[in-house]
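Peer 1: Chains as they are written, first to last, in this note's numbering: chain D, 198 to 677; chain F, 18 to 113.
#1: Which of the three DSSP states, helix, strand or coil, is assigned to residue 55(F)?
#2: Can you find a CB in chain D that lies within less than 7 Å of the CB of residue 30(F)?
#3: For the alpha helix (DSSP H) that residue 25(F) lies in, which residues bound it at each end?
#4: May I ask you to verify whether the region 651-663 of chain D touches the region 583-596 of chain D, counting CB pairs closer than 8 Å and requiring at least 3?
#5: When you compare the CB positions of residue 257(D) and residue 268(D), do they come within less than 7 Å of one another, or not?
#6: May I have the straight-line CA-CA distance separating residue 488(D) from residue 482(D), to the nearest angstrom?
#7: On the three-state DSSP scale, how would you describe residue 648(D)?
#8: If we cut at 7 Å on Cβ distances, does residue 634(D) have a partner in chain F?
#9: Using a C-beta to C-beta distance shorter than 7 Å, which residues of chain F count as neighbours of residue 211(D)?
#10: Chain F beta carbons: is any one of them nearer than 7 Å to that of residue 242(D)?
#11: Applying the criterion that 16 or more other CB atoms from any shown protein chain within 10 Å of the CB defines a buried residue, is residue 519(D) buried or exposed?
#12: What is the C-beta distance between residue 201(D) and residue 58(F), in whole angstroms, given that I count them as a contact (C-beta under 8 Å)?
#13: Please classify residue 248(D): does DSSP put it in a helix, a strand, or coil?
#14: Spell out whether any CB of chain F is found under 7 Å from the CB atom of residue 224(D).
#15: I'd like to know if the region 642-650 of chain D and the region 600-609 of chain D are in contact, where contact means that at least 3 CB-CB pairs between them fall below 8 Å.
#16: Is there a C-beta anywhere in chain F that falls below 7 Å from the one on residue 604(D)?
#17: Ordered along the chain, which non-local residues of its own chain (more than five positions away) have a Cβ less than 7 Å from that of residue 117(F)?
#18: I'd like to know if residue 75(F) contacts chain D, where contact means its C-beta is closer than 7 Å to some C-beta of that chain.
#19: For residue 626(D), count neighbouring C-beta atoms within 10 Å of its own C-beta (all shown protein chains included) and say buried if the count is 16 or more, exposed if not.
#20: Specify the secondary structure class of residue 93(F) as computed by DSSP and reduced to three states.
#21: Going by DSSP, name the residue or residues bridged to residue 98(F).
#22: When Cβ atoms are compared, which residues of the region 252-282 of chain D fall closer than 8 Å to chain F?
#23: Return yes when the Cβ of residue 105(F) is within less than 7 Å of the Cβ of residue 229(D), no when it is not.
#24: State the Cα-Cα distance for the pair residue 48(F) and residue 254(D), rounded to the nearest angstrom.
#25: Please list, in chain order, the chain F residues whose beta carbon lies closer than 9 Å to that of residue 302(D).
#26: Please report how far the alpha carbon of residue 208(D) lies from the alpha carbon of residue 91(F), in whole angstroms.
#27: The ligand FMN and residue 611(D): does the residue's C-beta get closer than 6 Å to at least one heavy atom of that ligand?
#28: Are the CB atoms of residue 35(F) and residue 44(F) nearer to each other than 7 Å?
#29: Are the beta-carbon atoms belonging to residue 655(D) and residue 621(D) less than 7 Å from one another?
#30: Name the chain D residues whose beta carbon is nearer than 8 Å to that of residue 34(F)?
#31: Check whether the region 58-69 of chain F and the region 91-100 of chain F are in contact - that is, three or more C-beta pairs closer than 8 Å.
#32: Between 670(D), 526(D) and 223(D), which has its C-alpha nearest residue 608(D)'s C-alpha?
#33: With a Cβ-Cβ cutoff of 7 Å, do residue 205(D) and residue 61(F) count as a contact?
#34: Output yes or no for whether 7 Å exceeds the beta carbon distance between residue 281(D) and residue 46(F).
#35: Residue 598(D) lies in the beta strand (DSSP E); which residues open and close that run?
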């Protein structure tokens, strides 16, 4: 930048030549201008020059800092600073080389792509997800079904109980009627009218239950009572007491004094039973209706969910069969490899032939089972041949290339270049053990040789090869 | 202090008519602008250097909307004050 620096003298010269004034005047003017600006700034003013910019004093607050050498905290004092804010015109002129550049609003395309990739990955796992989800769903359904069945049992119990209650309830009115008819008989000696009343009331009592089933308990009672043409207005609770009072008044014999006791004992009983009966019947009907509704609803829901579940299963089964067919194809591929390896070994060849025939069997169900078994066998066989490869001492005699280590060179990258997979760098390292001491830090300029490797050893599609390479990786990296 | 006030002040000091001072000032500003437009640094004795700095392109993120914007590089004029000026304004009391 030094060569681009011009002094004020050049500006003075330019101004002088432009305005055809003496250089002295021009120089004097510039000096005066600077002095005036300084004075204005010292006075705390800002100076604005048209088309050029504004000079301002800026106060920088005191701040904490650390002495780099001693580590002590020091406080830097606040200070004033002259700042120059260029005018828009000057800005534009200065920034002309970059004027065509516009701020670019970045869309989140990259992020979206990443998200898409993620979603694709998730989708690839989807069948498993669906399976687990379905499993959990099935569990829930089963548990709910169990709960429902237990509920049903309980409900049945309740029904039975309520039926028993019904029977009891049915029995009770008869009993009451009997009781009252007995009392009526006893009373019949003294007053016939009362007996008639009583009989009618007892009859009422018997008649009432069926009326109640239509859920009109109180009104029916009130309606039925006037039928008796009794001038006395009966309240539900006081009804029988009045009847009784009428009974004892004419007969104040000791026998009849005892009778009220007998009468009074069944009466509270009936009065207690009646509301119970009433409530129970109402509750029963309500419970039954609710149960029916809930049962229908739940049944409907689970029927639909079950069908949905079934549809999902059929779909899953289809995808699984597709997968199995794919897997069987890959197994075919492995078998072709195997065949090429064991051409001399006729026995294995025959076995493979058998497997082939088994695989080409049109029976799909058999293929599934066979592919699974063959799969395992194939893996074992390849593993065995690979194990032999892994176990034998590797001697690198043939080399396919030489590579010079530069700044930024990595064995993994070289491995990817020659073998197509990063993890096989370990073999390059093995071949260059004399030259490389630390695989992580190879001095630049080192020339390493890339060994020729058995194709089976650097099969990146074979999990065993990759795993073995990773084992070696751990071994070598762990050693350092 | 604005443009006119500056001209009046300088005119009073130099005992020159205001029109003359205005001409001089305009010419000076034009010369400086031209030099700065060419990317040159102007050194003014005892005041400072007017220099052109390049601001590199950078990514700005809107704090509220998280919209990322790539700000292109640009050239700006900066005044690097001289030590003489620095010393002069150092003892200046701080005005709020």
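Glycine included, C-beta positions come from ideal geometry on N, C-alpha and C.
Note that this is a predicted model, so its numbers are computed, not measured.
Peer 2: So, to answer that:
#1: coil
#2: yes
#3: 20-31
#4: yes
#5: no
#6: 10 Å
#7: strand
#8: no
#9: 48
#10: yes
#11: exposed
#12: 6 Å
#13: coil
#14: no
#15: yes
#16: no
#17: Since the first residue of chain F shown is 18 and the last is 113, residue 117(F) is not available in this structure.
#18: no
#19: buried
#20: strand
#21: 65(F)
#22: 252, 254, 256, 275, 276, 277, 278, 279, 280 and 281
#23: no
#24: 25 Å
#25: 84, 85, 86 and 87
#26: 25 Å
#27: By its list of ligands, the structure shown contains no ligand whatsoever, and the ligand FMN lies outside what it can speak to.
#28: no
#29: yes
#30: Correct list: empty, because the minimum Cβ distance to chain D is about 12 Å.
#31: yes
#32: 670(D)
#33: yes
#34: no
#35: 596-601
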